[in-house]
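Novice: Sharing a structure below in structure tokens format, with a few things to ask.
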Amino acid sequence: MNLWFAERETCDDFHAGAKCARCLPAPPQPGPVRLAYAFAWSLSQRGLGPGTAFYDRLFRPGMSRAWRLARRLLRRRRGDDVPAPPPAIGLRPHGHAGDPFARRRARMVGLINAHCDRVLCVSDRVRQIALLHGIHAERLQTLYIGTAEAAEWQKTLPRPGFLAPDGTLHLAYLGYMRRDKGFHFLMQALQALPLVQARRLRLTVAARSGDAGAMAGLNALRPHLAEVRHVDGYTHDDLTALLADVALGIVPVQWEDNLPQVALEMHARHIPLITSDRGGAQELGRAPAFVFRAGDAQDLHRVLYRMLEGAVQPADYWTRAQPPTSMDEHLDALLEVYARD
0 MNLWFAERET
10 CDDFHAGAKC
20 ARCLPAPPQP
30 GPVRLAYAFA
40 WSLSQRGLGP
50 GTAFYDRLFR
60 PGMSRAWRLA
70 RRLLRRRRGD
80 DVPAPPPAIG
90 LRPHGHAGDP
100 FARRRARMVG
110 LINAHCDRVL
120 CVSDRVRQIA
130 LLHGIHAERL
140 QTLYIGTAEA
150 AEWQKTLPRP
160 GFLAPDGTLH
170 LAYLGYMRRD
180 KGFHFLMQAL
190 QALPLVQARR
200 LRLTVAARSG
210 DAGAMAGLNA
220 LRPHLAEVRH
230 VDGYTHDDLT
240 ALLADVALGI
250 VPVQWEDNLP
260 QVALEMHARH
270 IPLITSDRGG
280 AQELGRAPAF
290 VFRAGDAQDL
300 HRVLYRMLEG
310 AVQPADYWTR
320 AQPPTSMDEH
330 LDALLEVYAR
340 D
């Protein structure tokens with residue numbers, strides 16, 4: 000689950016369940032949820048379950064679109080730009096709506112500590128969060144995920160510098176036009192850049208078209224930056240050509256994103272990453288000069304200024320960077336864990 004409150008801000012304290020009780024903008028109703036699961040089970044009984052073209056290309060995308068539409072309608076009804084009210088905190092009467100969430104968390108942590116031999120964390124940040132939630136330290140192990148993109152590591156080399164001959168810097172954002180991924184923040188932060196620096200930035204966004212707010216933010220950047228290119232979705236086969244002249248990737252996540260695949264896709268091609276200080280993407284480069292405070296546009300500007308001024312170079316990223324893990328290496332590591340535990 001995402002530690003992301005009300006689809007608006009990171010959640011680092013659930014206030015004994017009080018925030019969970021009022022987190023979803025469109026709380027699911029038991030009836031429709033049971034109906035959806037029953038229908039999915041019925042499809043599986045007829046040989047149309049997960050892995051089939053009907054399920055993967057029609058049923059699952061259809062359910063996802065219906066849920067997104069419901070959330071969009073509810074957000075529009077309440078006003079998308081109205082800040083979410085703060086959660087109730089402090090002393091709570093017995094039987095408060097958050098109590099079931101608090102009991103559920105305590106029970107899950109207790110069961111994991113009692114019955115799991117090993118808890119595998121896909122980044123050190125995930126391990127830190129698990130510790131904060133009460134998982135015993137001796138059960139926790141960081142094990143970075145494997146990726147087919149690791150093969151690109153041997154085919155590419157780091158760039159000697161970030162700037163193109165004309166003095167511009169080419170950034171790439173891959174993934175989804177979502178708030179938790181930092182897309183809306185990135186659009187606003189780049190729009191706030193002084194024109195002198197903004198006119199030296201080129202931006203490639205490879206993501207499916209998002210909601211009206213996301214697209215408006217992207218379009219507003221077109222006259223502000225040197226270039227804005229939007230690729231409406233991509234496949235792994237497209238990545239090499241898509242990223243051919245990209246100097247820097249940007250992963251501006253606003254929540255504790257475990258280890259985004261998009262970070263691996265760029266890092267494996269020797270494209271350094273500017274990241275926020277949340278989630279595991281920052282661990283690929285382990286380069287503080289490339290990290291900014293999540294949600295802080297001025298701090299992102301500070302990082303970009305240093306790139307544009309030549310004060311930070313690709314070598315500063317690769318000094319402590321870790322090679323990506325291949326799928327074979329990941330499977331070998333998993334087998335070793337199972338053999339040991």
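In terms of numbering that gives the first Met the number 0, the numbers along the sequence shown are unbroken and rise by one, the last being 340. Ideal Cβ positions, reconstructed from N, Cα and C, are used throughout, including at glycine.
Pull up the distance between the alpha-carbon of L200 and that of A225, whole angstroms please.
Specialist: Along the sequence shown, one-based indexing puts residue 200 at 201. Along the sequence shown, one-based indexing puts residue 225 at 226. Distance between the alpha carbons of L200 and A225 is about 6 Å.
Novice: Write down the C-beta distance between L168 and L247 rounded to the nearest angstrom, noting that I regard them as a contact closer than 8 Å.
Specialist: Counting from 1 along the sequence shown, the entry for residue 168 is found at position 169. Counting from 1 along the sequence shown, the entry for residue 247 is found at position 248. Right, the Cβ-Cβ distance comes to about 7 Å (below 8 Å), so this counts as a contact.
Novice: Pull up the distance between the alpha-carbon of D79 and that of R339, whole angstroms please.
Specialist: Position 80 of the sequence shown, counted from the first residue, corresponds to residue 79. Position 340 of the sequence shown, counted from the first residue, corresponds to residue 339. The pLDDT assigned to D79 is 48, lower than 50, so where the model puts this residue is not dependable; a value taken from the coordinates is nonetheless given after this. Approximately 50 Å, taken between the alpha carbons.
Novice: Name the two residues that bound the continuous alpha helix (DSSP H) containing Q140.
Specialist: As a position in the sequence shown, residue 140 is number 141, starting the count at 1. Q140 -> not in any alpha helix (DSSP H); beta strand (DSSP E) instead, spanning 139-141.
Novice: Would you say the beta carbon of H269 is closer than 7 Å to some non-hydrogen atom of the ligand FMN?
Specialist: No copy of the ligand FMN appears in this structure; indeed no ligand is present at all.
Novice: Could you tell me whether the Cβ atoms of A20 and A129 are closer together than 8 Å?
Specialist: If you number the sequence shown from 1, residue 20 lands on position 21. If you number the sequence shown from 1, residue 129 lands on position 130. No.
Novice: Starting from I273 and walking both ways along the beta strand (DSSP E), at which residues does that stretch end?
Specialist: In the sequence shown, counting from the first residue as 1, residue 273 sits at position 274. From DSSP, the beta strand (DSSP E) with I273 extends over 272-275.
Novice: Rank L173, L192, A286 by C-alpha distance to the C-alpha of H229 and give the top, closest one.
Specialist: Start at 1 with the first residue of the sequence shown, and residue 229 comes out as number 230. Of the candidates L173, L192, A286, the one whose C-alpha sits nearest the C-alpha of H229 is L173.
Novice: Return the chain-ordered list of same chain residues with a C-beta closer than 6 Å to the C-beta of P313, the five sequence neighbours on each side being excluded.
Specialist: By 1-based counting over the sequence shown, the position of residue 313 is 314. If we look at P313 and ignore the five residues flanking it on each side, its Cβ neighbours are P157, R158, P271.
Novice: Specify the secondary structure class of H114 as computed by DSSP and reduced to three states.
Specialist: Counting from 1 along the sequence shown, the entry for residue 114 is found at position 115. Shown here, H114 sits in a helix according to DSSP, grouped into three states.
Novice: Can you give me the start and stop residues for the beta strand (DSSP E) that L202 sits inside?
Specialist: Reading the sequence shown from its first residue, position 203 is the one you call residue 202. L202 -> beta strand (DSSP E) spans 200-206.
Novice: Which whole-angstrom value is the C-beta distance of P223 and Q190, which I expect to be below 8 Å?
Specialist: Here the question's residue 223 lines up with position 224 in the sequence shown. Here the question's residue 190 lines up with position 191 in the sequence shown. The identity of residue 223 in the sequence shown is His, whereas the question assumes Pro. Indeed they touch by this definition, with Cβ atoms about 6 Å apart.
Novice: What are the start and end residues of the alpha helix (DSSP H) that includes L34?
Specialist: Locating residue 34 in the sequence shown gives position 35, where the first residue counts as 1. Residues 29-44.
Novice: Contact check, D276 vs A293 under 8 Å by CB: the rounded distance?
Specialist: To locate residue 276, count along the sequence shown from 1; it is residue 277. To locate residue 293, count along the sequence shown from 1; it is residue 294. Confirmed, about 6 Å.
Novice: How would you write the range of the alpha helix (DSSP H) that L263 sits in, first residue to last?
Specialist: What you label residue 263 is simply residue 264 of the sequence shown in a count that begins at 1. That run of the alpha helix (DSSP H) goes 260-266.
Novice: Counting only the same chain and skipping the five closest in sequence on each side, list residues whose C-beta sits under 6 Å from that of P82.
Specialist: Numbered from its first residue, the sequence shown carries residue 82 at position 83. Because P82 carries a pLDDT of 42, less than 50, the predicted location of this residue cannot be relied on, and the following value inherits that uncertainty. Closer than 6 Å at Cβ, skipping near neighbours: no residue.
Novice: Go ahead and pull the three-state DSSP assignment for I88.
Specialist: Within the sequence shown, residue 88 is the residue found at index 89, counting from 1. Caution applies to I88, whose pLDDT of 45 falls short of 50 and renders its modelled position unreliable; the model cannot decide the point.
Novice: Between the C-alpha atoms of G133 and V336, what's the straight-line distance to the nearest angstrom?
Specialist: Position 134 of the sequence shown holds residue 133. Position 337 of the sequence shown holds residue 336. About 22 Å.
Novice: Along the chain, where does the beta strand (DSSP E) that runs through A171 open and close?
Specialist: Against the sequence shown, residue 171 aligns to sequence position 172. Unbroken beta strand (DSSP E) run through A171: 168-174.
Novice: Output the residue ranges of the beta strand (DSSP E) runs that lie fully inside the region 175-246 and measure 3 residues or longer, sorted by chain position.
Specialist: 200-206, 226-230
Novice: If I follow the unbroken alpha helix (DSSP H) through V336, where does it start and stop?
Specialist: What you label residue 336 is simply residue 337 of the sequence shown in a count that begins at 1. Unbroken alpha helix (DSSP H) run through V336: 326-339.
Novice: With distance defined between alpha-carbon atoms, name the residue in R124, H135, A101, L131 nearest to C115.
Specialist: Translated into positions along the sequence shown, residue 115 becomes position 116. The shortest C-alpha separation from C115 is found at H135.
Novice: Does the Cβ-Cβ distance between L142 and V121 come in under 8 Å?
Specialist: Start at 1 with the first residue of the sequence shown, and residue 142 comes out as number 143. Start at 1 with the first residue of the sequence shown, and residue 121 comes out as number 122. Going by C-beta atoms, L142 is nearer than 8 Å to V121.
Novice: Whether or not the region 300-313 and the region 273-291 are in contact is what I'm after, with contact meaning three or more pairs of Cβ atoms, one per stretch, closer than 8 Å; do they touch?
Specialist: Verdict: yes, contact present.
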